[in-house]
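Chains as they are written, first to last, in UniProt numbering: chain A, 1 to 317; chain B, 1 to 317. First up is the structure itself, then whatever we jot down about it.
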């Protein structure tokens, strides 16, 4: 694919917020926006757009809610890089949201599990009617039965959603799995533009993203220095450095990494390690690995493997 | 490919020795052999077989020379895992080497640049005549002119070498480059079994190895916990964990990582970081990144990028 056709959507603040409970300062986020804009990155996902009525703040930073007025204070003058926010089923009330023409946001992304597809498409419909670009990010497809996925894809094909994402929630997919899913998505939702969101549990985040590009996926989720839940995401700087489109420039991202993300990485942990590889290999949510990395036994991978494979852990099978 | 057909060649002590100047204790190496054998790994590369007459020890550990008697003391009873050593052009005298029947080694691997192909094949010939399995590892193919490579492949096709390696010395190759090279190697050296040796500068070591497997590459170089020069190699534990052949078992490797490699990784550095990604993106030897990681500016990637791209650095172009 011609790299002029792809769109990079940096989700550092949103997915990275899962690491530090969205505890980013306004200056940190502002610097990130400036660097992403100067690097030619197409979209910045600045957080979740949840309703404070439906989700308790519980010590989370403001990027968990992304109030329009607050975001306008953070980024008073939007430049080329568009803004997006993600919403969860049951945590947002679209009737409280301003139309796109009065909002700092350009795109609203709906994350949902396959079982919630109807609710997801209902939200998509409401945000579409408010004028937003929309995407649907179906989580945990690696744990779905194919027939359920196909049924959902056929509903999506007949919906108003703009972009449909292949999401590797558990970082358990390999390039050939991405190829399989992209083919399936194209077969059953042929009119939709595709996106890809990867996790780096098996060090496949960048490789899977490249496989997506080869197969015509247009929207690439990335994060600066890979910051994201658990093993993190595909590095924005690698994708920007690799793509040949002249609008992309890696240097502003390197400066941002030096000034902001290296220091942050000394305070909170994200990125590949063997514990995340194990949950990826077992196609499991990384929550057990995330918990284990916060204990004194954080580097004891053999007992962790035994725990993951013990009868007690899998007593529901 | 059926994973029963592949052979895993663990080169931790050899390539990892480039990180710590081969300063591994005998117990460390013995534990590594035991774990690799219990994990079902097919070969262990225990070091370089250089002649002390031709290469000054210069503070290096004994794994830089791999004297037969010494290796027999380390591993008095060889089990299923075979032993290999690598040799460099001009640093080994095959006439000093015992035949395979009197040596602990099963395989001798010759590493050479394309310009030294005749010298490389001459060494291969001598080790073959001593009864060893042999491989030829052509380094830095990403910096070779195709016509030179094709000429070399045709010589290799007519040689006695058993295994021919695709080596990504600079960690600059992507799966589609591996596919291109494997096709080229198969076209011009069709009778040879193929191997792959990757580096993780762009987090492609495992992805490139998987691409090799898909295309029929049989010998997979890996290292425990990825320990190898600069960004390191493809992790043995990931390949063992991923392949379905029943002889492979990840658990002994996880125990070894917990007991030996996690503590070592706190003392010496290897593995992916942004500096190695930059030399990979620029298709350069990682030596500048290795040097930079030993300075107080080890996390200053923006100035490092500027140095890599400055006129002064590239005054020879």
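Even glycine gets a Cβ: it sits at the ideal position worked out from N, Cα and C.
Asked, Found
"Contact under 7 Å by Cβ, residue 206 of chain A with residue 238 of chain A", "yes"
"Residue from A:121, A:70, A:34 and A:174 with nearest C-alpha to residue 79 of chain A", "A:34"
"Residue burial classification, residue 286 of chain A (beta-carbon count within 10 angstroms, cutoff 16)", "buried"
"is_contact[residue 255 of chain A, chain E] using C-beta, thresh 7 Å", "Chain labels in this structure do not include chain E; the protein chains are A and B."
"Own chain partners of residue 106 of chain B with C-beta closer than 8 Å, once the 5 adjacent residues on each side are dropped", "43, 82, 83, 84, 100, 132 and 133"
"For residue 96 of chain A, the three-state DSSP class (helix, strand or coil)", "helix"
"Beta-carbon neighbours of residue 237 of chain B, restricted to chain A and to distances below 8 Å", "274 and 277"
"Close-in-space but distant-in-sequence residues of the same chain around residue 15 of chain A (CB under 7 Å, 5 per side omitted)", "223, 228, 229 and 233"
"Proximal residues to residue 188 of chain A (C-beta, below 7 Å), its chain only, five neighbours per side dropped", "150, 153, 154 and 157"
"Under 8 Å from the C-beta of residue 305 of chain B: neighbouring residues of chain A", "250, 251 and 254"
"Under 8 Å by beta carbon: chain B residues contacting residue 204 of chain A", "206 and 207"
"Beta-carbon spacing of residue 75 of chain B, residue 41 of chain B below 7 Å", "no"
"Neighbourhood of residue 290 of chain B by C-beta distance below 7 Å, restricted to the same chain and skipping five residues each side", "230"
"Backbone secondary structure at residue 321 of chain A - three-state DSSP", "Outside the shown range of chain A (1 to 317) lies residue 321 of chain A, about which nothing can therefore be said."
"Own chain partners of residue 315 of chain A with C-beta closer than 6 Å, once the 5 adjacent residues on each side are dropped", "Reliability of the predicted coordinates at residue 315 of chain A is poor, the pLDDT of 49 falling under 50, and no value is obtained from them."
"7 Å Cβ cutoff met for residue 91 of chain A and residue 50 of chain A", "yes"
"Distance CB(residue 300 of chain A)-CB(residue 258 of chain B) smaller than 7 Å", "yes"
"Through-space distance from residue 13 of chain A to residue 68 of chain A, alpha-carbon basis", "16 Å"
"When B:135, B:144 and B:201 are compared against residue 194 of chain B, the one with the closest alpha-carbon", "B:135"
"Under 7 Å between C-beta atoms of residue 215 of chain A and residue 192 of chain A", "no"
"Minimum Cβ-Cβ distance from residue 262 of chain A to chain B less than 7 Å", "yes"
"Span of the alpha helix (DSSP H) around residue 13 of chain B", "12-20"
"DSSP beta-bridge partners of residue 193 of chain B", "B:163"
"CB contact below 7 Å: residue 301 of chain B versus chain A", "yes"
"Supposed contact pair residue 293 of chain A and residue 269 of chain A - C-beta distance, whole angstroms, cut 8 Å", "6 Å"
"Counterpart residues of residue 137 of chain A in DSSP-defined beta bridges", "A:111 and A:165"
"Rounded C-alpha distance that separates residue 199 of chain A from residue 280 of chain A", "9 Å"
"Residue 94 of chain A and residue 71 of chain A closer than 7 Å at C-beta", "no"
"Spatial distance of residue 271 of chain B from residue 180 of chain B (CA atoms)", "26 Å"
"Reduced DSSP category for residue 39 of chain A - H, G, I as helix; E, B as strand; rest coil", "helix"
"Cutoff 7 Å: residue 281 of chain B Cβ touching any chain A Cβ", "yes"
"Best match in A:21, A:31 and A:123 for proximity to residue 255 of chain A [C-alpha to C-alpha]", "A:31"
"Sequence-distant residues of the same chain with beta carbon closer than 6 Å to residue 39 of chain A, five excluded per side", "240, 249, 252 and 253"
"Three-state secondary structure assigned by DSSP to residue 157 of chain A", "helix"
"Residue 145 of chain A classed as buried or exposed, judged by whether at least 16 other C-beta atoms fall within 10 angstroms", "exposed"
"7 Å Cβ cut-off: residues of chain A touching residue 210 of chain B", "174"
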